Amino acid sequence: MAETNANPDSSASLTEARAKVAGEVIRAIAGDEARLRADQETAVAALCEPAARVLVVQATGWGKSAVYWAATAIRRSEGAGPTLVVSPLLSLMRDQVAAASRAGLRAATLNSNNIDAWSGIEQDLRSGAIDVLLVSPERLANPGFGRRVLDGLAGQVGLLVIDEAHAVSDWGHDFRPDYRRVSDVLQQLNPKTPVLATTATANSRVTEDVAKQLGESTLVLRGPLARASLQLAVVDKLSPLDRFAWVVDQLPKLPGSGIVYALTVADAQRLASVIREVHGRDVPVAAYTGQLEAGERESLEDALRANQLKALIATSALGMGYDKPDLGFVVHVGSPPSPVSYYQQVGRAGRGIDHAVVALLPSDADSGVWDYFATATIPVPENVQRLLRALEGYGPDEPATAPALEAETGLRRTRVELMLKQLAVDGAVDRVERGWVRTGADWSFDAEHYDGIVSVRRREADIMRAYTRGDRCLMQLLQESLDDPSAEPCGRCSVCLGELPAPLESRPDPETVATIVRLLRGEVHVLEPRKMWPGGAFGARGKIPPALSAEPGRIIVYADAPEWREVLQGAFGGSPEPDALEALKSGAVAALSRWRGSWSGRPEVVVPLAAGGHPELTSAIADHVATVGRLDRAELTVDRTGYTDDLSSAEEARVWRDGLQVDDLTAQAIAGRTILLLVDATSSQWPVTVAAAKLREAGATAVLPLVIHKRP
1 MAETNANPDS SASLTEARAK VAGEVIRAIA GDEARLRADQ ETAVAALCEP AARVLVVQAT
61 GWGKSAVYWA ATAIRRSEGA GPTLVVSPLL SLMRDQVAAA SRAGLRAATL NSNNIDAWSG
121 IEQDLRSGAI DVLLVSPERL ANPGFGRRVL DGLAGQVGLL VIDEAHAVSD WGHDFRPDYR
181 RVSDVLQQLN PKTPVLATTA TANSRVTEDV AKQLGESTLV LRGPLARASL QLAVVDKLSP
241 LDRFAWVVDQ LPKLPGSGIV YALTVADAQR LASVIREVHG RDVPVAAYTG QLEAGERESL
301 EDALRANQLK ALIATSALGM GYDKPDLGFV VHVGSPPSPV SYYQQVGRAG RGIDHAVVAL
361 LPSDADSGVW DYFATATIPV PENVQRLLRA LEGYGPDEPA TAPALEAETG LRRTRVELML
421 KQLAVDGAVD RVERGWVRTG ADWSFDAEHY DGIVSVRRRE ADIMRAYTRG DRCLMQLLQE
481 SLDDPSAEPC GRCSVCLGEL PAPLESRPDP ETVATIVRLL RGEVHVLEPR KMWPGGAFGA
541 RGKIPPALSA EPGRIIVYAD APEWREVLQG AFGGSPEPDA LEALKSGAVA ALSRWRGSWS
601 GRPEVVVPLA AGGHPELTSA IADHVATVGR LDRAELTVDR TGYTDDLSSA EEARVWRDGL
661 QVDDLTAQAI AGRTILLLVD ATSSQWPVTV AAAKLREAGA TAVLPLVIHK RP
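Numbered per UniProt numbering, the sequence shown spans residues 1 to 712.
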C-alpha cells in the first residue's frame with residue numbers, strides 16, 4: 001500500500017488531452033473559473049492508468065465526486081466502458097445523477113423506487129448509452145441484479161467507484177455487510193479496470209483494512225480533515241427534557257437552515273411535534289426518519305435544500321451523501337456513539353459557506369444507546385449455529401427464506417437477516433434468487449476479531465465522553481480520532497474560546513420546559529392492534545378474527561419519552577416511588593379522558609396485566625382508574641415463565657398463550673362487558689394481543705388496551 005498526503009509537488013499530472021476533458025467537466029460542475037486542484041489531479045491521473053487502485057480519504061466538501069466524474073469522462077472519451085458507482089443512499093444517488101448530468105455524463109440508478117424504468121435502463125446500459133450506473137450495496141448483493149446486470153457488465157466496467165468506503169470495513173463506524181459483496185464485483189472485473197474508493201470518515205485502521213481489500217498496490221491519498229467553516233460547541237449538563245426545550249428556544253436564532261439530529265425515531269418525531277406546537281409556521285420543521293417512504297424523504301430533502309424548512313429533525317437516516325452547501329447548522333440532541341460518525345454527520349454543514357454552527361447536547365442517558373451499538377452487530381455464536389442447523393434442511397431447489405428461518409430458530413427476523421448477511425461475507429451461506437442456502441464451508445466465531453471491534457467501539461465512546469467534557473479542542477479531538485496528523489487547536493470552538501459562541505445559550509427558558517412537559521404529556525399515542533398471528537412456535541398463523549381482536553388502544557408513555565424519564569425510573573426501578581406512581585395514575589386518567597370520544601363502548605371492568613413484571617404498580621394504577629371511573633375490577637392469572645427479551649414473535653406469543661388464564665370468577669365478571677386492559681410495559685404487543693383474545697373468548701364484548709409504557 002502506497003500512501004501520500006497529496007503534496008502538490010509530487011502529484012502525478014494529466015496529459016494535455018486528458019486535462020482538457022477533465023477541465024470541461026469541472027467547469028460544468030463548479031463554474032467557469034473552477035479547475036482541478038493538484039491533489040484532485042493526482043487521483044484522476046492515477047485512475048487513468050490500467051489496474052489502478054486508489055483510496056481517497058478527504059474531508060467532506062473536498063470534491064471526491066469531482067474526481068470520479070472527471071475520471072469517467074476521460075475514460076469514456078478513450079473508449080472505456082461505463083462507470084459503476086456503489087453508493088449507500090438514495091438521496092446521494094439523486095444528487096450524483098444530477099451532478100453527472102451537469103458534467104455532461106448520462107447517469108442512471110437502479111433502485112426500489114424506479115422498478116418500472118429498469119428494463120429501459122438495462123437496455124441503455126447494454127447499448128453503451130449510459131456513462132454511469134449507480135447502485136446500492138443491497139442491490140449489488142441481490143442475485144437477480146447480479147444475473148441480469150452484473151453478468152452483462154463482466155469485463156466491461158470502465159471504472160468502479162466505492163463511495164463511503166468505510167462501510168466496507170467492519171472496523172468502521174457504519175459497517176454494512178452488503179458492502180462486502182463489492183469483492184464479488186472486483187473478481188468479475190477486467191484486471192485492468194481502475195477502482196476508486198472514497199470516504200471522509202476513516203481512521204488508520206479502517207484505511208488499512210479497505211486498502212488491503214482493494215489490493216496491495218492501493219494508492220492512499222489522505223488529506224487534512226479540519227473544517228475551518230465549522231464552529232463546534234458542547235452545551236452540557238442538560239436533561240433530556242431540557243435538550244428539547246433548548247432546541248425550541250435556540251432554533252429561531254440559528255443561522256440559515258440546518259439539521260437537528262436525534263438518536264431515536266421517537267425523539268425525532270416528538271421533537272418536531274413540539275417545535276411545531278410552539279412556533280407554528282414561523283419555524284417550519286419536519287421529522288425525517290428511515291421509516292418514511294423514499295418519495296417522502298426526497299421531498300423533505302428538497303424542501304430543506306430550498307430553505308422551505310428551518311430544519312429537518314432527523315435520525316442518522318439523513319447523513320451520508322446529503323448535499324446542501326449552505327447548510328448553516330447541525331445540532332445533535334444526544335451524542336452518537338462514535339466520534340467518526342459524529343464527524344460524518346456534522347460534515348453536512350458549512351460546505352459552501354464560511355461559517356456554520358455545530359452544537360452537541362449530550363446527556364447521561366446517551367450511554368445506554370452507546371452500549372447497545374457497541375455490540376448490536378456482533379454475532380452470538382449459539383444463535384449462528386442454530387441458524388446454520390436450520391439451513392441444513394434447505395437446498396438450491398428450495399432455499400430458505402428469512403421468515404421461515406425465524407419460525408424454525410425462534411430468532412427475531414431482523415437478527416436472522418443480519419446474521420445471514422454476515423455469514424455470506426464469511427462464505428458460509430449464499431444468497432440465491434429465492435432465498436438462502438448453505439455453502440458447505442465451515443464457520444467459526446472469530447472471538448479475537450469481534451472482541452477487538454467491541455474494544456474499538458468502547459474506546460470511541462470514551463472519546464465522545466472526552467469530547468462532551470471539553471477535555472481539549474473539539475476539532476482537534478475529532479481529527480485525532482481519525483488519525484489526522486495535522487490535528488491542532490482550531491481556536492474557534494467552545495473549548496478554545498472558553499465559552500459558547502453566539503447565539504448559543506447554556507440553558508433553556510424554564511417556561512419553555514414547562515410548556516414542553518405539558519405538550520408532551522398531552523400527546524395521544526394510539527396503540528394499533530396486531531392483525532396477524534405469528535405462526536411458527538405459536539402454531540396459529542393468518543389474520544386474527546375480529547371476534548378475538550383488541551380495539552385500538554392508548555399509550556401513556558411512548559418509548560424513551562424525556563418528559564416521563566424520571567417518572568419511569570421511579571416507577572419501574574423496583575417498588576414504585578409514591579411521586580412516580582401518582583404521576584402515572586394522573587397520566588392514566590388523562591389518557592382515558594382524551595380517549596373517551598372514540599370508545600367503541602364505555603369500559604365497565606378494569607383488568608390489570610403485569611406483562612413487564614411490575615404487578616404492584618399495575619394493580620395500584622388499575623385500582624385508581626377503577627375508583628375514579630367507577631369501574632369493576634377483575635384479574636387474569638399470569639405466569640411469565642419462559643419469557644425473555646430476545647424471544648421471537650412466535651415464541652413470545654406462545655409464552656403468553658400458555659401463561660395467561662381467565663378463571664371462572666373473572667369470566668363471570670367480564671361476560672358481555674367492555675374491558676379496559678391495563679398493561680404495565682411491552683415492546684412487542686403480544687401480551688396485549690393474546691390477553692385480548694383470551695378475554696374475548698371468555699365472553700368480553702370488547703377489549704380496550706391501555707399500556708403504561710410502550711417500550712421501543
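We put the CB at the ideal spot given by N, CA and C, even for glycine.
Bear in mind the structure is a predicted one, so any value in this text is a computation, not a measurement.
Item to check | Any beta strand (DSSP E) of 3 or more consecutive residues that is wholly inside the UniProt domain "Helicase C-terminal" (246 to 392) | outcome: Counting only runs of 3 or more residues that sit fully inside the UniProt domain "Helicase C-terminal" (246 to 392), the beta strand (DSSP E) segments are 258 to 262, 285 to 288, 311 to 314, 329 to 333 and 356 to 361, in chain order.
Checklist entry - Using the C-alpha atoms, what's the distance from Ala-129 back to Ala-211? => result About 32 angstroms.
Item to check | Cα-Cα separation, Gln-422 to Thr-512 | outcome: C-alpha separation (whole angstroms): 47 angstroms.
Checklist entry - Is Thr-218 buried or exposed, if buried means 16 or more other CB atoms sit within 10 Å of its CB? => result The residue in question, Thr-218, is buried, as its Cβ has 16 or more Cβ neighbours within 10 Å.
Checklist entry - What residue does the alpha helix (DSSP H) around Arg-472 start on, and which one ends it? => result Judged by DSSP secondary structure, Arg-472 falls outside any alpha helix (DSSP H); it is assigned neither H nor E.
Checklist entry - Does the Cβ of Asn-142 have 16 or more other Cβ atoms within 10 Å, making it buried, or fewer, making it exposed? => result In this structure Asn-142 is buried. Its beta-carbon is surrounded by 16 or more other beta-carbon atoms within 10 angstroms.
Item to check | Identity of the residues DSSP links to Ala-108 by a beta bridge | outcome: According to DSSP, which records beta bridges pairwise, Ala-108 is partnered with Leu-133.
Checklist entry - Is it right to say Lys-710 is buried, meaning 16 or more other beta carbons lie within 10 angstroms of its own, or is it exposed? => result Lys-710 comes out buried.
Checklist entry - By Cβ distance below 8 angstroms, which residues in the same chain neighbour His-614 in space, the five residues on each side in sequence not counted? => result Here the set comprises Ala-571, Phe-572, Pro-576, Asp-680 and Ala-681.
Item to check | Test: Asp-236 CB closer than 7 angstroms to a CB of chain D | outcome: Of the protein chains in this structure there is only one, and it is not chain D.
Checklist entry - Thr-60 lies in the alpha helix (DSSP H); which residues open and close that run? => result Run containing Thr-60: none; DSSP gives neither H nor E here.
Item to check | Which listed residue (Pro-284, Gln-291, Ala-317 and Lys-324) has its alpha carbon closest to that of Asp-302 | outcome: Just measuring C-alpha positions, the residue of Pro-284, Gln-291, Ala-317 and Lys-324 sitting nearest Asp-302 is Lys-324.
Next on the checklist: Using 8 angstroms as the cut-off, can you tell me whether the region 232 to 240 makes contact with the region 561 to 571, which would need three or more C-beta pairs spanning the two stretches below that distance?
Outcome noted: Taking a contact to require three or more Cβ pairs closer than 8 angstroms, the region 232 to 240 and the region 561 to 571 qualify as touching.
Item to check | Residue burial classification, Gly-146 (beta-carbon count within 10 angstroms, cutoff 16) | outcome: Counting Cβ neighbours within 10 Å, Gly-146 comes out buried, since at least 16 surround it.
Next on the checklist: Below 8 angstroms, how does it come out for the region 188 to 202 and the region 228 to 236: are there three or more Cβ pairs, yes or no?
Outcome noted: No contact exists between the region 188 to 202 and the region 228 to 236.
Checklist entry - Of the residues Arg-389, Arg-412, Arg-459 and Ala-228, which one's Cα is nearest the Cα of Pro-337? => result Taking the Cα of Pro-337 as reference, the smallest distance to any Cα among Arg-389, Arg-412, Arg-459 and Ala-228 is reached at Arg-459.
Checklist entry - What is the residue span of the beta strand (DSSP E) that Ile-74 lies within? => result Where Ile-74 is concerned, there is no enclosing beta strand (DSSP E), although the alpha helix (DSSP H) it sits in stretches over 64 to 77.
Checklist entry - Tell me the DSSP bridge mates of His-614? => result BP columns for His-614 are empty, so no partner.
Checklist entry - Taking the C-alpha atoms as reference points, what is the distance between Gly-155 and Glu-41? => result Using only the alpha carbons, I get a separation of about 26 angstroms.
Checklist entry - Got a sec, what are the start and stop residues for the alpha helix (DSSP H) Phe-423 sits in? => result Rather than Phe, the amino acid found at residue 423 in this sequence is Leu. Where Leu-423 is concerned, the enclosing alpha helix (DSSP H) stretches over 413 to 425.
Checklist entry - In angstroms, rounded to a whole number, what distance separates the CA positions of Leu-388 and Val-655? => result Those two C-alpha atoms are separated by around 25 angstroms.
Item to check | Start-to-end residues for the beta strand (DSSP E) that takes in Pro-222 | outcome: The amino acid occupying residue 222 in the given sequence is Arg; Pro does not appear at that position. It spans 219 to 222 - the beta strand (DSSP E) in which Arg-222 sits, taken as one unbroken run.
Checklist entry - Exposed or buried, what is Gly-63 when buried is set at 16 or more other beta-carbons lying within 10 Å of its beta-carbon? => result Classification for Gly-63: buried.
Checklist entry - Mind checking Asp-267: buried by the 16 CB within 10 Å criterion, or exposed? => result Buried is the call here.
Next on the checklist: Quick test of the definition: if touching needs 3 or more C-beta pairs under 8 angstroms, does the region 677 to 697 touch the region 522 to 538?
Outcome noted: Touching, yes, given that three or more Cβ pairs across the two stretches are closer than 8 angstroms.
Checklist entry - When the Cα atoms are used, what is the spatial distance from Val-690 to Arg-434? => result Cα-Cα distance, rounded: 33 angstroms.
Checklist entry - How is Leu-160 classed by DSSP in three states: helix, strand or coil? => result The three-state reading of DSSP puts Leu-160 in strand, counting E and B together.
Item to check | Backbone CA spacing between Ala-202 and Asp-509 [nearest angstrom] | outcome: Asp-509 has its alpha-carbon roughly 40 angstroms from the corresponding atom of Ala-202.
Next on the checklist: I need the straight-line Cα distance from Arg-630 to Gly-587, nearest angstrom please.
Outcome noted: Taking the straight line joining both Cα atoms gives about 17 angstroms.
Checklist entry - Tell me which same chain residues have a C-beta within less than 6 angstroms of the C-beta of Pro-252, skipping the five on either side of it? => result Apart from sequence neighbours up to five positions away, the residues of its chain that approach Pro-252 with a beta-carbon distance below 6 angstroms are Val-283, ordered along the chain.
Next on the checklist: For Trp-533, report the span of its beta strand (DSSP E) as first-last.
Outcome noted: Per DSSP, Trp-533 is one residue of the beta strand (DSSP E) stretching across 532 to 534.
Checklist entry - Identify the residues that DSSP records as bridge partners of Leu-84: which are they? => result Answer is Leu-133 and Leu-160.
Checklist entry - If we call anything under 7 angstroms between Cβ atoms a contact, is Ala-466 one with Leu-225? => result Between Ala-466 and Leu-225, the gap from beta carbon to beta carbon reaches 7 angstroms or more.
Next on the checklist: Count Cβ pairs between the region 300 to 319 and the region 269 to 288 that sit closer than 8 angstroms; are there 3 or more?
Outcome noted: The answer is yes - the region 269 to 288 touches the region 300 to 319, with three or more Cβ pairs under 8 angstroms.
Checklist entry - Can you give the Cα-Cα distance for Glu-697 and Gly-522, rounded to whole angstroms? => result In a straight line, the C-alpha of Glu-697 is about 34 angstroms away from that of Gly-522.
Next on the checklist: Using CA atoms only, rank isn't needed, just tell me which of Val-380, Ala-73 and Val-340 is closest to Arg-205.
Outcome noted: When only C-alpha atoms are compared, the closest one is Val-340.
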